[in-house]
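In order, the protein sequence lines correspond to chains R and X.
According to the numbering used here, the residues represented by the first sequence are 498 to 685, in order.
According to the numbering used here, the residues represented by the second sequence are 54 to 296, in order.
Please read the structure below before turning to the comments.
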Amino acid sequence: MRLNIYQSRTLDKLVDGLRKNDSRSQQAVYERFSPAMFAVSLRYVKDHDSAQDVLLKSFMKVFSNIRQYKGKGSFEGWIRRIVVNEALMFLRKYKNMSVEVDIQEAKDTAASTYDHLEAEELLHVVQQLPVGYRTVFNLYAIEGYSHAEIAEKLDISEGTSKSQLSRAKQLLRQLLNRLDQSYRDQIG
Amino acid sequence: MNDIEKLFKEKIQHYPVTPPAEVWETLQDSLQQQRQKKKAGWWWMAASIVLLATAGAFFYLNNQPTVLPESRGIANNPVVVQPVEPLKSISPGSDTESEVNHTAPLATVQPKLLPVETTESSVAVVAQTTRVINNPERMRPVARLDISPLEEENTSINPMLQPKNLIAIAKMPVESTPTVTIIYKSGGEEVKEENTNKNPLTKAANFLASIKENGVGFSELRSAKSEIISKAFSSKRDPIPAE
């Protein structure tokens, strides 16, 4: 608890530094949040180089729009929203959102079956989703946006958002089963 | 919440992936560029403010009358009305110039008809306007215009009548080179700098000459004007030796 208080105090100091356009604070903030934000970027933008691009633009926005952060809510959440928006902007520019693929029926295995899978593997699985499914799944399941918010953000209907999500989940199960199978093959 | 959503959310929401170092390097470069742009913006702003102020002062001063109003009290303003005929009656250093009544009340005009020789062809009427100066030290006329031949100035005016701080730019010979002393008062120590520039009138004359030749030469006029302005601005006016 004491550590948490200490950390939030230094974070306030860093935000103050950002407001003064202090380059050392900018570096500190980048070093502290860039790994988590790069992971966010990679979830939306599969291509490594483009994900770096999104990350860079996001931090430029964080530094230049720091006055819009009023200190309400978590600073990390604020940065995360910027990264997500930047990633969506990238996708809108280059990709067609509503790509549909044929999905075979997958058996509904309990999620606990995959508990042994590492975050890195799960990230890789998410990246294998087609861009439309991936975006909706990221926004809904991981960032926690509602279907209404997603519909507004992606300029699609709520129904499309819902169907994209269920298809994404079906595809994920399929991919997880495949991953789990190869995992079991390796062990066994 | 669906199991599979939970699985992904818990495992990868806060999963960190360290980005390559070049991302920070690129970011740093962009930030540096932004800073320099901002700085340049400030410089432009400051420069335009200075420019506006200078232009404003320039036009303000240009619209001021060249000769200070009489109410300020310009001492010794002899107006010599001369006939077309060459003057024989007014000899250099005649007593008309030296008869300044220092005790007369302010703004009293004493037109004086001099006893002139009765020869009709050489009638000279000399009117002299005399004003009382209460405190000659306080008065700092910028320029003085005399309607009298330049050659006679040095001889006809008694040097005692010239206030020390009178700058007679208008009377200066065109080819003289005045010495301008600039005193900088920065850092406590006074640094004197001797500046022997061209006479502003020379510059004006050069401008007129060059405008006849090829239609350019505004820079001469500009610098002459700025020199005059700077003289008008400086609170301490050193007399320009009018040789």
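For glycine and all other residues, C-beta sits at the position ideal for the given N, C-alpha and C.
To the nearest angstrom, report how far apart N635 of chain R and Q624 of chain R are at their CA atoms. Within the first sequence, the letter at position 138 stands for residue 635 of chain R. Within the first sequence, the letter at position 127 stands for residue 624 of chain R. Put simply, the backbone Cα of N635 of chain R is about 10 Å away from that of Q624 of chain R.
Can you check whether the C-beta of M557 of chain R is within less than 8 Å of a C-beta belonging to chain X? Here residue 557 of chain R is taken as the residue at index 60 of the first sequence, counted from 1. Yes - at least one Cβ of chain X is within 8 Å of the one on M557 of chain R.
Could you check where the alpha helix (DSSP H) with K650 of chain R kicks off and where it finishes? As a position in the first sequence, residue 650 of chain R is number 153, starting the count at 1. Per DSSP, K650 of chain R belongs to the alpha helix (DSSP H) from H644 to L651.
As assigned by DSSP and simplified to three states, the class of P627 of chain R: Counting from one through the first sequence, the residue named residue 627 of chain R turns up at place 130. Residue state, collapsed to three classes: coil.
Looking only at its own chain, which residues have a Cβ that is under 6 Å from the Cβ of I563 of chain R, when we skip the five neighbours before and after it? The residue labelled residue 563 of chain R in the question sits at position 66 within the first sequence. So the list reads L515 and R516, once near-sequence residues are dropped.
DSSP state of S571 of chain R, grouped into three classes? Position 74 of the first sequence, counted from the start, is the residue given in the question as residue 571 of chain R. Reduced to three states, the DSSP call for S571 of chain R is coil.
Is it true that the CB of L60 of chain X sits closer than 8 Å to the CB of A616 of chain R? Within the first sequence, the letter at position 119 stands for residue 616 of chain R. Within the second sequence, the letter at position 7 stands for residue 60 of chain X. 8 Å or more divides the Cβ of A616 of chain R from the Cβ of L60 of chain X.
Quick check on the DSSP output: the alpha helix (DSSP H) that includes Q565 of chain R runs from which residue to which? Stepping through the first sequence from its first residue, residue 565 of chain R is reached at position 68. Taken as a continuous stretch (DSSP letters only), Q565 of chain R belongs to no alpha helix (DSSP H), as it is neither H nor E.
Counting only Cβ-Cβ distances shorter than 7 Å, please list the residues of the region 632-643 of chain R near chain X, keeping chain order. Listed by position, the residues of the region 632-643 of chain R near chain X (Cβ gap below 7 Å) are A638 and I639.
Between the Cα of D513 of chain R and the Cα atoms of R:F572, R:V580, R:T606 and R:E618, which residue gives the shortest distance? By 1-based counting over the first sequence, the position of residue 513 of chain R is 16. Closest option to D513 of chain R, Cα to Cα, is R:F572.
Within chain X, partners of L626 of chain R - CB distance below 7 Å: As a working mapping, residue 626 of chain R is identified with position 129 in the first sequence. Those within 7 Å of L626 of chain R in chain X number zero; the least Cβ separation is about 11 Å.
Please check if any C-beta of chain R sits within less than 8 Å of the C-beta of V103 of chain X. The sequence position of residue 103 of chain X within the second sequence is 50, counting from 1. No, because no Cβ of chain R sits closer than 8 Å to the Cβ of V103 of chain X.
In whole angstroms, give me the CA-to-CA distance for A93 of chain X and R589 of chain R. Within the second sequence, the letter at position 40 stands for residue 93 of chain X. Within the first sequence, the letter at position 92 stands for residue 589 of chain R. Using only the alpha carbons, I get a separation of about 35 Å.
Determine the closest residue to K543 of chain R out of R:S679, R:V622, R:Y642 and R:L676, with distance taken between C-alpha atoms. Counting from one through the first sequence, the residue named residue 543 of chain R turns up at place 46. Checking every option, the nearest Cα to that of K543 of chain R belongs to R:V622.
Establish whether the CB of K666 of chain R and some CB of chain X are separated by less than 8 Å. On the first sequence, residue 666 of chain R is found 169 positions in, with the first residue counted as 1. Yes, K666 of chain R counts as interfacial toward chain X.
Would you mind giving the Cβ-Cβ distance between S660 of chain R and A648 of chain R, rounded to the nearest angstrom? I have them listed as a contact below 8 Å. For the purposes of this step, residue 660 of chain R is identified with residue 163 of the first sequence, where counting begins at 1. For the purposes of this step, residue 648 of chain R is identified with residue 151 of the first sequence, where counting begins at 1. So it is not a contact: roughly 12 Å between Cβ atoms.
Range of the contiguous alpha helix (DSSP H) that encloses H613 of chain R: For this step, residue 613 of chain R is matched to residue 116 along the first sequence. Premise fails: H613 of chain R is in no alpha helix (DSSP H) and is neither H nor E.
Comparing alpha-carbon positions, which option in R:D519, R:R540, R:V633 and R:R529 lies nearest R88 of chain X? To locate residue 88 of chain X, count along the second sequence from 1; it is residue 35. The candidate whose alpha carbon is nearest that of R88 of chain X is R:D519.
Contact criterion: CB-CB distance below 8 Å. Does F535 of chain R meet it with respect to chain X? As a first step, residue 535 of chain R must be located in the first sequence, where it is residue number 38. Yes - at least one Cβ of chain X is within 8 Å of the one on F535 of chain R.
Where the region 60-74 of chain X meets chain R: residues whose CB sits under 9 Å from a CB there: Correct list: L60, F61, K62, K64, I65, Q66, H67, Y68, P69, V70, T71, P72 and P73.
Looking at the C-beta of N55 of chain X, does it have a partner C-beta in chain R at a distance below 8 Å? Here residue 55 of chain X refers to the residue found at position 2 when the second sequence is read from its first residue. Closer than 8 Å to some Cβ of chain R, the Cβ of N55 of chain X qualifies, so yes.
Under the three-state DSSP convention, the category P72 of chain X falls into: For this step, residue 72 of chain X is matched to residue 19 along the second sequence. The three-state reading of DSSP puts P72 of chain X in coil, since its state is none of H, G, I, E or B.
Helix or strand or just coil, what does DSSP make of G94 of chain X? Here residue 94 of chain X is taken as the residue at index 41 of the second sequence, counted from 1. Residue state, collapsed to three classes: helix.
Does DSSP classify G109 of chain X as helix, strand or coil? Looking up residue 109 of chain X in the second sequence gives position 56. Secondary structure at G109 of chain X: helix, using DSSP grouped into helix, strand and coil.
Any 3 or more C-beta pairs closer than 8 Å across the region 91-107 of chain X and the region 526-543 of chain R: In this structure the region 91-107 of chain X does not touch the region 526-543 of chain R; the number of beta carbon pairs closer than 8 Å is below three.
Taking DSSP as the reference, what is the three-state secondary structure of N55 of chain X? Translated into the one-based positions of the second sequence, residue 55 of chain X becomes position 2. Looking at N55 of chain X - three-state DSSP - the assignment turns out to be coil, as it is neither helix nor strand.
Does any CB atom of chain R fall closer than 8 Å to the CB of W77 of chain X? Walking along the second sequence from the start, residue 77 of chain X turns up at place 24. Output row for W77 of chain X: interface = yes.
Tell me whether Y591 of chain R is buried or exposed, calling it buried when 16 or more other Cβ atoms sit within 10 Å of its Cβ. Against the first sequence, residue 591 of chain R aligns to sequence position 94. By the neighbour-count criterion, in which 16 or more other beta carbons inside 10 Å mark a residue as buried, Y591 of chain R falls on the exposed side.
Is it a yes or a no for the region 664-671 of chain R touching the region 580-589 of chain R, going by three-plus beta-carbon pairs under 8 Å? Pairwise C-beta distances place the region 664-671 of chain R out of contact with the region 580-589 of chain R, as fewer than three of them are shorter than 8 Å.
Of all Cβ atoms in chain X, is any one closer than 8 Å to the Cβ of Y630 of chain R? Taking the first residue of the first sequence as position 1, residue 630 of chain R is located at position 133. Taking 8 Å as the threshold, the shortest C-beta distance from Y630 of chain R to chain X does not fall below it.
Please decide whether S520 of chain R counts as near chain X, where near means a Cβ-Cβ distance under 8 Å. Residue 520 of chain R sits at position 23 when you count from the first residue of the first sequence. With 8 Å as the cut-off, S520 of chain R counts as an interface residue toward chain X.
Within 8 Å, strictly: CB atoms of L626 of chain R and V76 of chain X: Working through the first sequence from its first residue, we reach residue 626 of chain R at position 129. Working through the second sequence from its first residue, we reach residue 76 of chain X at position 23. No, the pair does not count as a contact, with Cβ atoms beyond the cut-off.
Helix, strand or coil for I186 of chain X, going by three-state DSSP, please let me know. Sequence index remark: in the second sequence, residue 186 of chain X carries index 133 (1-based). Only weak support is given to the placement of I186 of chain X: the predicted model assigns it a pLDDT of 48, under 50, and the question is left unresolved by the model.
Can you tell me which of R:R577, R:D682, R:S663 and R:E655 puts its alpha carbon nearest to the alpha carbon of P69 of chain X? Residue mapping note: residue 69 of chain X aligns to position 16 of the second sequence, counting from 1. Taking only the C-alpha atoms, the option nearest P69 of chain X is R:R577.
Nearest neighbour of P73 of chain X, chosen from R:D550, R:Y541, R:L511 and R:T507 [CA to CA]: As a working note, residue 73 of chain X is residue 20 in the second sequence. Taking each of R:D550, R:Y541, R:L511 and R:T507 in turn and checking the Cα distance to P73 of chain X, the smallest one comes out for R:D550.
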